[in-house]
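Going by the numbering used here, the first residue of the sequence shown is number 3, and it counts up by one from there. Backbone N, C-alpha and C define an ideal beta-carbon position, used for all residues, glycine too. Report on the following structure.
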Amino acid sequence: MAENKNARRGGVSVETEHLFPIIKKWLYSEKEIFLRELVSNAVDAVTKLKRLSSLGEYDAPEGENYRIDVSFDKTAKTISIADNGIGMTEEELDRYISKIALSGALEFVEKYEGKGDEQGSGIIGHFGLGFYSAFMVADEVEVITKSYTGAPAVRWVCGEEGDYTVYTDGIERTRGTTVILHVSSEGEEYLSEWKLREVLAKYCGFMPVEIYLTDEEKADEPQKEGEEPKEKKPENDIHPLWQKNPADCTDEEYNEFYRKVFSDYREPLFHLHLNADYPLNFKGILFFPKLRENYENLEGKIKLYYNQVFVADNIKEVIPEYLLMLRGVLDCPELPLNVSRSYLQNSAYVSKVSTYIVKKVADKLNSIFKDEREKYEKLWDDLRTFVEYACISDPKFCERMKPAILLPLESGKKVTLSEYLEAAKEKNEGTVYYTTDPELQAQFVEMYRARGIEVAVLSGPLDVRFAEVLEQGAKDDEKIKFLRVDADLSALGDGEEEENEKLAAIFKDAAGEDLKLTVKCRRLGEDDAPAVLTVSEESRRMEDMMRMYMPDAPATAKEATLALNLSSPLIGKLAKESDEKKAKEIASYLLMLAIMSNRKFTAEEMKRFQKDSVSLLNDLL
Ligand code: ADP
């Protein structure tokens with residue numbers, strides 16, 4: 003376009019000579035958001051025009067096809083974003099682009115200039131730099147626009163230093179706005195169909211106006227003979243599932259949406275369609291993915307949208323961290339694109355959204371539990387890590403979840419806490435017995451089973467910590483305590499502990515100098531184990547916690563408590579044995595058997611145990 007006589011010059015740079023370099027520096031890591039900003043401006047322009055049309059203030063042509071065209075030309079080094087929306091008059095262009103948009107950018111610079119990198123880059127995605135973010139990838143930006151009012155079209159060209167020129171003579175353009183970026187060396191990677199498609203998918207995948215992508219150099223290629231003209235498909239889905247009424251959505255649609263958005267070929271366990279009315283006013287879908295055992299590896303993703311415009315993944319200020327194990331989308335039109343993290347942290351609105359979501363998640367789980375218990379029990383193995391982590395993190399969630407928390411039992415059943423306690427009323431009121439390792443602790447489990455006491459399996463990484471949370475959260479009238487099967491044998495025998503000095507001396511002698519043994523005697527059943535090691539619940543938990551911080555601490559304890567079963571025939575014989583050497587040998591062997599149910603042998607112990615076993619067998623022959 004030739005320079006025309008009445009071109010008017012202006013300078014954004016006058017007040018802001020170092021504005022652009024700063025924008026570039028701050029936004030460097032998220033350069034790609036220029037496309038989100040420009041395309042969402044185009045969406046806004048179309049939305050505004052549609053509103054005017056519905057208000058009768060604009061007479062839209064019959065069958066008007068609103069659309070946004072993103073095109074690029076690798077040779078000319080341009081990227082254009084064109085819409086057929088509301089357009090701007092010269093005066094509006096001046097006001098909105100040259101002045102207001104600029105003041106937004108200025109405010110940003112004033113706030114963040116000279117601050118540390120972490121502070122700036124954290125909030126940058128939420129600070130709508132809008133139009134001027136174009137300068138992250140361009141050294142010259144052109145706007146050609148024509149207002150719906152019929153006012154003459156205008157062309158505005160702005161250089162890297164912020165100096166702009168406005169042209170008004172003989173500009174050709176139909177209603178709408180085209181922004182042409184003259185791409186700088188920093189934006190060259192975006193001169194690619196693949197790259198633009200990727201960025202459009204990320205930020206604009208659900209914007210409410212159809213977006214088309216064109217490689218201008220290919221657009222002119224003559225159509226090959228016999229080839230059907232290619233029907234262009236929009237890059238986005240203008241009716242995302244979360245905007246629909248849940249009653250109109252099928253499971254297949256939810257699964258397909260999940261697959262597409264999260265690139266996960268596995269089906270989610272179930273979903274939760276959120277639809278909060280005024281004043282919260284947000285929509286969304288949460289999916290429960292299949293979770294793996296190790297909670298540290300879990301990485302969900304909650305995508306936050308603002309009126310179908312993607313804002314960011316996993317914003318911890320809006321969604322409690324534990325819910326980030328889930329996957330989903332949230333569309334929050336009440337949270338403008340350009341809010342800072344500190345705003346989010348202190349916002350009463352945000353905390354209400356968070357409370358609402360937490361309540362809905364707990365309600366959903368409770369309702370599956372109530373209505374489809376069998377299905378819920380099957381889901382539990384996958385849900386368990388999530389529920390436990392959530393309960394540990396948030397007492398309110400825990401309180402809501404309590405009726406639907408399941409304890410997997412060693413017998414294979416799954417029962418709720420209150421079902422367990424109800425069954426335990428006679429034999430072990432208020433106590434849940436559990437095993438952390440059903441194989442290692444099989445001997446103990448068997449002793450409880452023989453007495454009709456069910457043992458819960460708490461073998462997951464969070465299970466015992468979770469049990470602690472349940473203990474602490476219990477109300478006075480429903481006090482509970484969790485005891486590992488080897489913590490306390492009082493539920494197994496009828497009588498109290500007894501003293502037996504002779505037996506105590508034999509076992510202490512057998513234990514040697516390295517292991518300080520406390521010996522306790524009880525009368526358990528005849529068939530129960532003759533000797534087992536017990537560890538009090540408190541000291542074991544303490545030790546487990548220490549081990550979490552000091553994983554290299556030796557596994558073998560220097561002290562142990564040995565419980566002898568006075569009803570066991572073998573212990574009876576041992577108590578009467580007069581051959582001291584023989585008694586010591588038997589005691590030593592029994593001690594090894596007891597250690598075996600408590601932990602792995604050390605190499606020394608293993609050698610000794612095997613040698614002793616061979617010698618015993620030898621004596622038998
Ligand atoms: P924001 O979009 O946050 O208001 P921007 O800097 O992105 O800030 O844009 C400033 C203003 O310029 C917009 O509010 C709008 O009035 C106007 N504008 C920008 N792009 C367009 C467009 N494609 N069509 C019409 N008006 C536009």
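Continuous alpha helix (DSSP H) stretch holding ALA577: start and end: 571-578
Member of LEU485, GLY454, SER55, VAL521 whose CA lies at the smallest distance from the CA of GLU501: VAL521
Close beta carbons around GLU624, own chain, < 7 Å, minus the five adjacent residues each side: Because the chain here runs from 3 to 623, residue 624 falls outside it and cannot be looked at.
contact_flag[the region 310-327, the region 358-378] where n(CB pairs < 8 Å) is 3 or more: yes
At least 3 beta-carbon pairs within less than 8 Å: the region 169-179 vs the region 131-147: yes
Counted within 10 angstroms of its Cβ, other Cβ atoms place LEU409 as buried (16 or more) or exposed: buried
Rounded distance between the beta-carbons of VAL139 and VAL185, thought under 8 Å: Yes, they are in contact, since the Cβ atoms of VAL185 and VAL139 sit about 6 Å apart, within 8 Å.
GLU39 CB to nearest heavy atom of the ligand ADP below 7 Å: yes
Entirely enclosed beta strand (DSSP E) segments - the region 240-307, minimum 3 residues: 272-278, 284-290
Beta-ladder partner(s) of PHE484, from DSSP: VAL434
Three CB pairs or more closer than 8 Å across the region 589-601 and the region 531-538: With the cut-off at 8 Å, the region 589-601 and the region 531-538 touch.
Buried/exposed call for PRO270, threshold 16 Cβ in 10 Å: buried
Residue closest to ARG467, alpha-carbon to alpha-carbon, out of GLU480, ARG451, GLU539: GLU539
Collapsed DSSP secondary structure at ASP621 in the structure displayed: helix
Under the three-state DSSP convention, the category CYS400 falls into: helix
N-terminal and C-terminal residue of the alpha helix (DSSP H) that TYR450 is part of: 444-452
Rounded straight-line distance, which links the Cα of VAL355 to that of ARG10: 49 Å
Own chain residues within Cβ distance below 8 Å of LYS504, not counting five before or after: ALA577
Cβ-heavy atom distance, ALA278 to the ligand ADP, below 7 Å: no
Those residues which DSSP pairs with SER82 across a bridge: SER73, ILE182
Residue(s) in a DSSP beta bridge with LEU460: Paired residues: none, contrary to the question.
Buried versus exposed call for ASN430 [16 or more other C-beta atoms within 10 Å across all chains shown]: buried
Rounded straight-line distance, which links the Cα of GLN443 to that of TYR267: 39 Å
CA nearest to the CA of ARG386, picked from ALA469, PRO224, GLU218: ALA469
Distance between beta carbons of TYR351 and LEU332, contact taken as under 8 Å: Rounded, the Cβ-Cβ distance is 13 Å, inconsistent with contact.
MET548 classed as buried or exposed, judged by whether at least 16 other C-beta atoms fall within 10 angstroms: exposed
Span of the beta strand (DSSP E), counted from its first residue to its last, around LYS518: 518-524
Supposed close pair LYS33, LEU193 - CB separation, criterion 8 Å: At roughly 13 Å, the Cβ-Cβ gap does not stay under 8 Å, so LYS33 and LEU193 are not in contact.
Beta-carbon proximity list for VAL434, same chain, < 8 Å, skipping 5 on both sides: LEU409, LEU419, TYR422, LEU423, ALA426, ALA458, ALA469, ILE482, LYS483, PHE484, LEU485
Same chain, Cβ closer than 6 Å to GLN445, five either side skipped, listed in chain order: ALA531, SER599
Heavy atom of the ligand ADP within 7 Å of ALA47 beta-carbon: yes
Nearest-angstrom Cα separation, counted from SER100 out to ARG199: Taking the straight line joining both Cα atoms gives about 30 Å.
Cβ-heavy atom distance, TYR150 to the ligand ADP, below 7 Å: no
Assigned secondary structure, GLU5 (DSSP; H/G/I helix, E/B strand, else coil): At GLU5, the pLDDT of 47 sits below 50, so the modelled position is not reliable; the number obtained from the coordinates is stated separately. Here GLU5 sits in coil by DSSP.
Which listed residue (LYS318, GLU59, PHE208) has its alpha carbon closest to that of VAL45: PHE208
GLU195 burial status per 10 Å Cβ neighbour count (16 or more: buried): exposed
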